[in-house]
Amino acid sequence: MDSIEFYNTYKRVPQPAALTTELPRNNSFFQRTWQKHNKEIYAVQGTNGHVTINPSLTISPMIEIEKKFHFTPEQEAKIIASATFLGEKIQTDTYYDTLDFVLTCKDIWLRNRNGRFEIKTPLHVLGNKMALTQYREIETDEETCEVLHLPPCTLTNEILAQAGYAPFSTITTTRKRYQDEPYSIDLDSCDLGDGHPYLVAEIEIMTEENQKEEAAKKLVDYAVGKGFSIDYIRGKLLEYLYRHSPEHYKALVDAGVIYVPTIE
Numbered sequence: 076m077d078s079i080e081f082y083n084t085y086k087r088v089p090q091p092a093a094l095t096t097e098l099p100r101n102n103s104f105f106q107r108t109w110q111k112h113n114k115e116i117y118a119v120q121g122t123n124g125h126v127t128i129n130p131s132l133t134i135s136p137m138i139e140i141e142k143k144f145h146f147t148p149e150q151e152a153k154i155i156a157s158a159t160f161l162g163e164k165i166q167t168d169t170y171y172d173t174l175d176f177v178l179t180c181k182d183i184w185l186r187n188r189n190g191r192f193e194i195k196t197p198l199h200v201l202g203n204k205m206a207l208t209q210y211r212e213i214e215t216d217e218e219t220c221e222v223l224h225l226p227p228c229t230l231t232n233e234i235l236a237q238a239g240y241a242p243f244s245t246i247t248t249t250r251k252r253y254q255d256e257p258y259s260i261d262l263d264s265c266d267l268g269d270g271h272p273y274l275v276a277e278i279e280i281m282t283e284e285n286q287k288e289e290a291a292k293k294l295v296d297y298a299v300g301k302g303f304s305i306d307y308i309r310g311k312l313l314e315y316l317y318r319h320s321p322e323h324y325k326a327l328v329d330a331g332v333i334y335v336p337t338i339e
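Everything in the sequence shown is counted per the numbering used here, starting at 76 for the first residue and increasing by one.
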């Protein structure tokens, strides 16, 4: 996009091996929610109020496009005015690394979310400010142990400590979720432990891969229409490091994990 530096995450959604499932409603939001939950995108057609898998259709690769924004109570009010409220939840994330930041300097993010260990590994090349950031999200102990070069086990704080991994950040997030077709919107109030909540909106759209640039522009236009600024912002964890651990933050900048835009 000509004049917009767009910092976002594109997530590829794998194709299904078999097309045999029927979805109970012909509703685009329900379809997307079901598809994302199963990490698969299917070709569908409406049949008597149901959504039926059509194995004869050619399936185009689908990706999620998302962008983060700061938000204010006034911008939240604009979202509420047109969107459907889907619910609210609280999640606590504790992130782990070695004392010399071995994982995060490779853009690998190990966390415990509400009692379950997860890890994200990069699919993109570090150090390219224009590259799309893509991650593989792993949610099983077996695969997480493999990434960490540990023998198969049920992960615990004790096992991680023995391997040299220690917590470096705990963030509690209150998330409100909205739907404003075709956009999914998360409004996060993040407790970074210093009494100053960090407010981050994340807007997401699903699209075919060959339409990602057009979809990204539409997403930005939608956000601007709601009063959001398209300026670069830090995600909640990077904001935590920026506030509380400047040495760690600088190491990630030097490693090419964080791109800090130049102000001209």
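Glycine is no exception: its CB is placed at the ideal position from the N, C-alpha and C atoms.
Check your understanding: Going by Cα to Cα distance, which pick from 282, 275, 256 and 258 is closest to residue 265?
Key -> As a working mapping, residue 265 is identified with position 190 in the sequence shown. Looking at the Cα atoms, 275 is the closest of the given residues.
Check your understanding: Does the beta-carbon distance from residue 162 to residue 287 come in below 9 angstroms?
Key -> The sequence position of residue 162 within the sequence shown is 87, counting from 1. The sequence position of residue 287 within the sequence shown is 212, counting from 1. No, the Cβ-Cβ distance between residue 162 and residue 287 is not below 9 angstroms.
Point to revise | For residue 242, the residue or residues it bridges with in DSSP | key: Against the sequence shown, residue 242 aligns to sequence position 167. DSSP, once it has assigned bridges, lists 171 as partnering residue 242.
Review point. Hey, is residue 320 close to the ligand MG, as in C-beta under 8 angstroms from one of its heavy atoms?
Key: The ligand MG is not part of the structure shown, which contains no ligands of any sort.
Point to revise | Start-to-end residues for the beta strand (DSSP E) that takes in residue 197 | key: Position 122 of the sequence shown, counting from 1, holds the residue named residue 197. 191 to 197 is the extent of the beta strand (DSSP E) around residue 197.
Check your understanding: Given that a residue counts as buried once 16 or more other Cβ atoms are within 10 Å of its Cβ, and exposed if not, what is residue 89?
Key -> Stepping through the sequence shown from its first residue, residue 89 is reached at position 14. Any reading at residue 89 is ruled out, since the residue's pLDDT is 48, under 50, leaving its predicted position unreliable.
Exercise for review: Pick out whichever of 267, 209 and 197 has its Cα sitting closest to the Cα of residue 318.
Suggested key: The sequence position of residue 318 within the sequence shown is 243, counting from 1. Answer by Cα proximity: 267.
Practice item. Can you grab the Cα-Cα spacing for the pair residue 336 / residue 192, in whole Å? Key: For the purposes of this step, residue 336 is taken as residue 261 along the sequence shown, with counting starting at 1. For the purposes of this step, residue 192 is taken as residue 117 along the sequence shown, with counting starting at 1. C-alpha separation (whole angstroms): 32 angstroms.
Practice item. Confirm, please, whether the CB-CB distance from residue 150 to residue 301 is below 9 angstroms. Key: For the purposes of this step, residue 301 is identified with residue 226 of the sequence shown, where counting begins at 1. For the purposes of this step, residue 150 is identified with residue 75 of the sequence shown, where counting begins at 1. Yes.
Practice item. Would you kindly report the start and end of the unbroken alpha helix (DSSP H) that includes residue 276? Key: Here the question's residue 276 lines up with position 201 in the sequence shown. Counting along the chain, residue 276 falls outside any alpha helix (DSSP H), though it belongs to the beta strand (DSSP E) covering 273 to 283.
Check your understanding: Should the stretch 302 to 310 be called in touch with the stretch 230 to 248, which here means at least 3 C-beta pairs below 8 angstroms?
Key -> no
Practice item. Using DSSP bridges, identify the partner residues of residue 259. Key: Along the sequence shown, read from residue 1 onward, the residue named residue 259 stands at position 184. DSSP output for residue 259 lists 254 and 279 as bridge partner(s).
Check your understanding: Do residue 176 and residue 327 have their C-beta atoms within less than 9 angstroms of each other?
Key -> Walking along the sequence shown from the start, residue 176 turns up at place 101. Walking along the sequence shown from the start, residue 327 turns up at place 252. Cβ distance < 9 angstroms, so residue 176 and residue 327 count as in contact.
Review point. The alpha helix (DSSP H) spanning residue 186 covers which residue range?
Key: Residue 186 sits at position 111 when you count from the first residue of the sequence shown. First-last for residue 186: 184 to 188, but that is the beta strand (DSSP E), not the alpha helix (DSSP H).
Exercise for review: Ignore the nearest five residues each way along the sequence and tell me which others in residue 254's own chain have a CB closer than 8 angstroms to its CB.
Suggested key: Walking along the sequence shown from the start, residue 254 turns up at place 179. So the list reads 104, 158, 159, 161 and 260, once near-sequence residues are dropped.
Review point. Between the beta-carbon of residue 222 and the beta-carbon of residue 246, is there less than 9 angstroms?
Key: In the sequence shown, counting from the first residue as 1, residue 222 sits at position 147. In the sequence shown, counting from the first residue as 1, residue 246 sits at position 171. The answer is no: Cβ separation not under 9 angstroms.
Exercise for review: Tell me where the alpha helix (DSSP H) around residue 287 begins and ends.
Suggested key: The sequence position of residue 287 within the sequence shown is 212, counting from 1. Counting along the chain, the alpha helix (DSSP H) containing residue 287 begins and ends at 287 to 300.
**Study point:** Short Cβ contact (9 angstroms threshold) for residue 201 with residue 310
**Key:** Counting from 1 along the sequence shown, the entry for residue 201 is found at position 126. Counting from 1 along the sequence shown, the entry for residue 310 is found at position 235. Not a contact, by the Cβ cut-off of 9 angstroms.
Review point. Do you know whose CA, among 323, 239, 179 and 249, lies nearest residue 166's CA?
Key: Here residue 166 is taken as the residue at index 91 of the sequence shown, counted from 1. Comparing Cα positions, the closest option is 249.
Practice item. Tell me whether the beta-carbon of residue 168 lies closer than 9 angstroms to the beta-carbon of residue 244. Key: In the sequence shown, the residue the question calls residue 168 occupies position 93. In the sequence shown, the residue the question calls residue 244 occupies position 169. Contact flag set, yes.
Check your understanding: Assuming residue 290 contacts residue 280 under a Cβ cut-off of 8 angstroms, what Cβ separation, rounded to an integer in Å, is found between them?
Key -> Taking the sequence shown and counting its residues from 1, the one referred to as residue 290 is at position 215. Taking the sequence shown and counting its residues from 1, the one referred to as residue 280 is at position 205. With a Cβ gap of about 5 angstroms, residue 290 and residue 280 count as contacting.
Review point. Three-state secondary structure (DSSP) at residue 149?
Key: The count along the sequence shown starts at 1 and reaches residue 149 at position 74. Helix.
Review point. Just how far apart, CA to CA, sit residue 242 and residue 171?
Key: Locating residue 242 in the sequence shown gives position 167, where the first residue counts as 1. Locating residue 171 in the sequence shown gives position 96, where the first residue counts as 1. Rounded to the nearest whole angstrom, the CA to CA distance from residue 242 to residue 171 is 4 angstroms.
**Study point:** Selection from 146, 138, 137 and 139 that minimises the alpha carbon distance to residue 272
**Key:** For the purposes of this step, residue 272 is taken as residue 197 along the sequence shown, with counting starting at 1. The residue with the shortest Cα to Cα distance from residue 272 is 146.
**Study point:** residue 219 beta carbon less than 9 angstroms from that of residue 185
**Key:** Residue mapping note: residue 185 aligns to position 110 of the sequence shown, counting from 1. Residue mapping note: residue 219 aligns to position 144 of the sequence shown, counting from 1. Yes, these two residues count as a Cβ contact at 9 angstroms.
Review point. Could you give the residue range of the beta strand (DSSP E) that holds residue 210?
Key: Counting from one through the sequence shown, the residue named residue 210 turns up at place 135. Annotation: the continuous beta strand (DSSP E) that includes residue 210 extends over 210 to 213.
Practice item. State the CB to CB distance for the pair residue 140 and residue 284, rounded to an integer number of angstroms; the pair is presumed to be in contact (CB under 8 angstroms). Key: Mapped onto the sequence shown, residue 140 falls at position 65. Mapped onto the sequence shown, residue 284 falls at position 209. Contact doesn't hold; Cβ gap of about 10 angstroms is too wide.
**Study point:** Cut-off 6 angstroms between Cβ atoms - residues of its own chain near residue 213, not counting five sequence neighbours on either side
**Key:** Position 138 of the sequence shown, counted from the start, is the residue given in the question as residue 213. Cβ neighbours of residue 213 beyond the five flanking positions: 194 and 219.
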